[in-house]
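Trainee:
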């Protein structure tokens with residue numbers, strides 16, 4: 412209400428000083444708030460532009476690394492993944508694996524923004540799929556070790572990076588079988604230094620690193636949040652096709668027996 416004073420002669424005086432003072436008191440903080448909002452919007456826009464520019468730069472680096480690898484190994488994006496029987500220490504292979512190591516390193520930070528994590532996953536998938544086009548046993552073990560030292564639970568994109576090549580008929584099956592056994596040995600043994608690789612997450616969740624899990628029998632078990640989960644292990648084991656492995660192993664054994672028997676029954680003459 413605006414105060415009014417009426418005089419005996421019929422005149423009226425209206426006091427507006429209080430109203431104007433309130434307007435000034437409200438207007439000043441409103442202007443400051445508006446300026447702050449404009450500053451925050453400008454700052455957010457600058458960060459968005461910068462993040463998109465950096466993502467584009469990294470994407471071009473990933474493309475360049477992939478192209479170098481494909482060119483040096485005389486491959487194309489449509490080439491079928493193969494397992495090489497010998498080591499190939501080309502510079503492009505070293506560069507590609509170093510790039511993968513860097514990306515997995517950033518993947519082990521806690522509370523990553525979803526967009527950044529999705530970008531990391533995409534770049535790792537691109538580089539990993541190119542590496543598998545001319546893969547060695549060392550490369551297979553490298554990818555498995557990186558995945559085993561990633562935060563749990565493992566995401567769907569990580570599982571296809573583990574390939575045994577045991578079902579590839581055109582390859583040297585001895586190499587594939589030896590790689591199969593080597594990868595299984597890594598998977599079944601204790602994961603060395605897993606907590607050291609996840610140390611940032613360990614420090615971030617210090618004091619909250621355990622919880623109670625109820626098993627099928629209703630018992631409470633203490634589980635460490637940095638252990639590889641049962642679901643992760645099942646997904647990784649699904650990549651190891653034991654039926655094909657034992658099938659090839661039995662075929663090799665039968666072939667060895669047949670060759671041995673034939674030599675015993677039909678010995679070669681000295682002239683041969």
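Residue numbers (the working numbering): 412 to 683. We put the CB at the ideal spot given by N, CA and C, even for glycine.
Kindly give me the distance between the Cβ atoms of residue 518 and residue 561, rounded to whole angstroms, as I take these residues to be in contact under 8 Å.
Mentor: On the chain shown, position 107 is the one that residue 518 refers to. On the chain shown, position 150 is the one that residue 561 refers to. Contact holds; Cβ gap of about 6 Å.
Trainee: At 4 residues or longer, and completely inside the segment 495-582: list those alpha helix (DSSP H) runs for me, N to C.
Mentor: Segments of the alpha helix (DSSP H) lying fully in the segment 495-582: 502-518, 525-542, 548-559.
Trainee: Do residue 547 and residue 498 count as a contact pair if the criterion is CB distance below 8 Å?
Mentor: Indexing the chain shown from 1 puts residue 498 at position 87. Indexing the chain shown from 1 puts residue 547 at position 136. The answer is yes: Cβ separation under 8 Å.
Trainee: In three-state DSSP terms, what is residue 604?
Mentor: Looking up residue 604 in the chain shown gives position 193. Residue 604 falls in the coil class under three-state DSSP.
Trainee: Starting from residue 597 and walking both ways along the alpha helix (DSSP H), at which residues does that stretch end?
Mentor: Numbered from 1 along the chain shown, position 186 holds the residue referred to as residue 597. Looking at the DSSP string, the run of the alpha helix (DSSP H) that includes residue 597 is 584-599.
Trainee: Any contact of the segment 535-552 with the segment 479-496, i.e. 3+ C-beta pairs under 8 Å?
Mentor: Short answer: they touch.
Trainee: From 488, 508, 594, 510, pick the residue whose C-alpha is nearest to that of residue 559; which is it?
Mentor: The residue given as residue 559 occupies position 148 in the chain shown. When each option's Cα is compared against that of residue 559, the closest is 594.
Trainee: Between the alpha carbons of residue 615 and residue 521, how many angstroms are there, rounded?
Mentor: In the chain shown, residue 615 corresponds to position 204, counting from 1. In the chain shown, residue 521 corresponds to position 110, counting from 1. Whole-angstrom Cα-Cα distance: 7 Å.
Trainee: For the alpha helix (DSSP H) holding residue 366, just list the boundary residues, first then last.
Mentor: One cannot answer for residue 366 here, as it falls past the ends of the chain, which runs 412 to 683.
Trainee: When we look at the beta-carbon of residue 584 and count the other beta-carbons within 10 Å, is it buried (16 or more) or exposed?
Mentor: Start at 1 with the first residue of the chain shown, and residue 584 comes out as number 173. The residue is buried, with at least 16 neighbouring Cβ atoms inside 10 Å.
Trainee: Pop quiz: residue 643 and residue 563 are said to be a contact at Cβ under 8 Å. What is the actual Cβ separation, rounded to whole angstroms?
Mentor: As a position in the chain shown, residue 643 is number 232, starting the count at 1. As a position in the chain shown, residue 563 is number 152, starting the count at 1. Their Cβ separation, rounded to whole angstroms, is 6 Å, which keeps residue 643 and residue 563 in contact under 8 Å.
Trainee: What is the C-beta distance between residue 656 and residue 591, in whole angstroms, given that I count them as a contact (C-beta under 8 Å)?
Mentor: Position 245 of the chain shown holds residue 656. Position 180 of the chain shown holds residue 591. Rounded, the Cβ-Cβ distance is 5 Å, consistent with contact.
Trainee: Is it the case that the Cβ atoms of residue 473 and residue 538 are separated by a distance below 8 Å?
Mentor: Counted from its first residue, the chain shown places residue 473 at position 62. Counted from its first residue, the chain shown places residue 538 at position 127. Against a cut-off of 8 Å, the Cβ pair of residue 538 and residue 473 comes out as a contact.
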